[in-house]
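Below is one structure, written out as structure tokens; comments come after it.
2 protein chains.
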Amino acid sequence: MRDQFPFAVARVTRRWRKMLDERLKDLGVTQARWSTMVYLQEGGEGLTQRELASLMAIENPTLVRLLDSLEQQGLIERRLCPNDRRARRLHLTDAGKDFMEELSARADVLRDEMLAGLSDAQIANALDVFNTIMENAEQQK
Amino acid sequence: MRDQFPFAVARVTRRWRKMLDERLKDLGVTQARWSTMVYLQEGGEGLTQRELASLMAIENPTLVRLLDSLEQQGLIERRLCPNDRRARRLHLTDAGKDFMEELSARADVLRDEMLAGLSDAQIANALDVFNTIMENAEQQK
DNA sequence: CCTAACACTAGCAAGCTAACCGTTGACATA
DNA sequence: TATGTCAACGGTTAGCTTGCTAGTGTTAGG
Numbered sequence: 001m002r003d004q005f006p007f008a009v010a011r012v013t014r015r016w017r018k019m020l021d022e023r024l025k026d027l028g029v030t031q032a033r034w035s036t037m038v039y040l041q042e043g044g045e046g047l048t049q050r051e052l053a054s055l056m057a058i059e060n061p062t063l064v065r066l067l068d069s070l071e072q073q074g075l076i077e078r079r080l081c082p083n084d085r086r087a088r089r090l091h092l093t094d095a096g097k098d099f100m101e102e103l104s105a106r107a108d109v110l111r112d113e114m115l116a117g118l119s120d121a122q123i124a125n126a127l128d129v130f131n132t133i134m135e136n137a138e139q140q141k
Numbered sequence: 001m002r003d004q005f006p007f008a009v010a011r012v013t014r015r016w017r018k019m020l021d022e023r024l025k026d027l028g029v030t031q032a033r034w035s036t037m038v039y040l041q042e043g044g045e046g047l048t049q050r051e052l053a054s055l056m057a058i059e060n061p062t063l064v065r066l067l068d069s070l071e072q073q074g075l076i077e078r079r080l081c082p083n084d085r086r087a088r089r090l091h092l093t094d095a096g097k098d099f100m101e102e103l104s105a106r107a108d109v110l111r112d113e114m115l116a117g118l119s120d121a122q123i124a125n126a127l128d129v130f131n132t133i134m135e136n137a138e139q140q141k
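Residue numbers (full-length UniProt numbering), protein chains in the order written: chain A, 1 to 141; chain B, 1 to 141.
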């Protein structure tokens with residue numbers, strides 16, 4: 001039974017990503033790009049790239065390309081950091097903030113549909129499981 | 001709280017994949033290639049590519065490349081199907097079967113480490129959540 | 001002056017869609 | 001019965017995105 005777990009998580013992740021990509025397609029934004037904006041907004045603007053990558057639990061090179069596309073679309077800005085000339089501080093543009101409303105609305109709708117029929121207790125338990133796994137992963141190297 | 005869910009699943013999936021890839025690296029096999037072999041073994045040999053893709057819940061072109069690499073490594077075989085000249089029937093080679101023991105042993109160790117501290121009830125609940133989500137996803141288009 | 005840190009580049013793996021080739025099967029019609 | 005057409009199907013290719021590691025250049029700081 002436990003052996004099904006890794007396959008099941010992966011399936012759910014793929015499926016969710018696929019459906020969200022489909023629904024955001026006409027806006028020219030993907031699931032990964034949208035998440036990047038969400039994390040940036042939540043983390044508070046002015047984060048450096050390293051901080052954001054760590055918040056998202058992805059590697060820096062992965063983030064670099066996501067930011068490239070978002071910057072090219074005019075949704076975020078990389079500003080020079082006065083204290084540390086190596087670093088860049090990240091900000092949503094006004095267009096980016098406006099965009100977020102539409103994007104988040106669609107993501108919320110999908111989320112409600114995907115989690116339909118599940119109680120708060122079930123979701124909470126799943127989140128506990130995820131947290132424990134991440135702690136276990138952290139512990140080893 | 002529910003809004004954390006999609007981010008949390010994705011994080012766990014990425015992390016798990018990363019760790020398994022790391023541990024299988026010296027054998028020249030990745031997480032995705034190993035899963036392919038697992039599904040093939042479980043689904044019973046002689047599956048067609050379409051059947052296996054559907055079992056794995058991935059798209060056909062994705063599977064094609066996984067099979068290309070596995071075939072090149074001599075771990076599986078694509079045999080012609082006598083009834084339908086379009087189709088190929090998939091089989092593990094003897095080398096593939098031998099390999100599976102080592103691969104699965106390592107995957108099992110990782111799984112135990114990742115799920116440490118979690119009760120069967122918690123895991124069962126998480127699997128229920130995953131199943132419900134997949135049903136919800138199925139329902140719409 | 002040397003090491004560590006930040007962002008970036010290059011290149012691989014694996015997910016996806018769209019478009020293609022050959023085969024199959026059904027169905028209309030000669 | 002035989003044949004012509006045509007849609008559907010299995011597998012593949014091409015090309016995009018996003019995950020990763022390894023390696024580079026510049027800057028900071030002991």
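C-beta atoms are modelled at their ideal positions from N, C-alpha and C, and glycine is treated no differently.
Can you give me the start and stop residues for the alpha helix (DSSP H) that residue i sits inside?
| i | result |
| --- | --- |
| B/R50 | Q49 to M56 |
| A/V29 | Note, A/V29: premise wrong, no alpha helix (DSSP H); not H, not E. |
Can you find a CB in chain B that lies within less than 8 Å of the CB of residue i?
| i | result |
| --- | --- |
| A/E102 | no |
| A/S54 | no |
| A/D120 | yes |
| A/A8 | yes |
| A/L115 | yes |
| A/V64 | no |
| A/R11 | yes |
| A/N136 | yes |
| A/N125 | yes |
| A/T93 | no |
Starting from residue i and walking both ways along the beta strand (DSSP E), at which residues does that stretch end?
| i | result |
| --- | --- |
| residue 149 of chain A | Any answer about residue 149 of chain A is impossible in this case: the structure gives chain A only from 1 up to 141. |
| A/L80 | I76 to L80 |
What are the residues that DSSP puts in a beta bridge with residue i?
| i | result |
| --- | --- |
| B/L118 | Bridge partners of B/L118: none, in fact. |
| A/L92 | A/I76 |
Taking Cβ positions only, does residue i come closer than 8 Å to chain A?
| i | result |
| --- | --- |
| B/A87 | no |
| B/R111 | yes |
| B/R50 | no |
| B/D3 | yes |
| B/A105 | no |
| B/Q41 | no |
| B/F130 | yes |
What whole-angstrom Cβ distance do residue i and residue j have, given they're in contact under 8 Å?
| i | j | result |
| --- | --- | --- |
| residue 146 of chain A | B/V129 | Lying before the first or after the last residue shown, residue 146 of chain A is absent from chain A, which here runs from 1 to 141. |
| A/G46 | A/R89 | 5 Å |
| A/A87 | A/T48 | 5 Å |
| A/L66 | A/T36 | 5 Å |
| A/A124 | B/M1 | 7 Å |
| B/L75 | B/L92 | 7 Å |
| A/W34 | A/L103 | 5 Å |
Under 7 Å, CB to CB, which of the residues in the region 20-37 of chain A have a partner in chain B? S35
Can you list, in chain order, the residues of the region 67-80 of chain B whose Cβ is nearer than 8 Å to any Cβ on chain A? none
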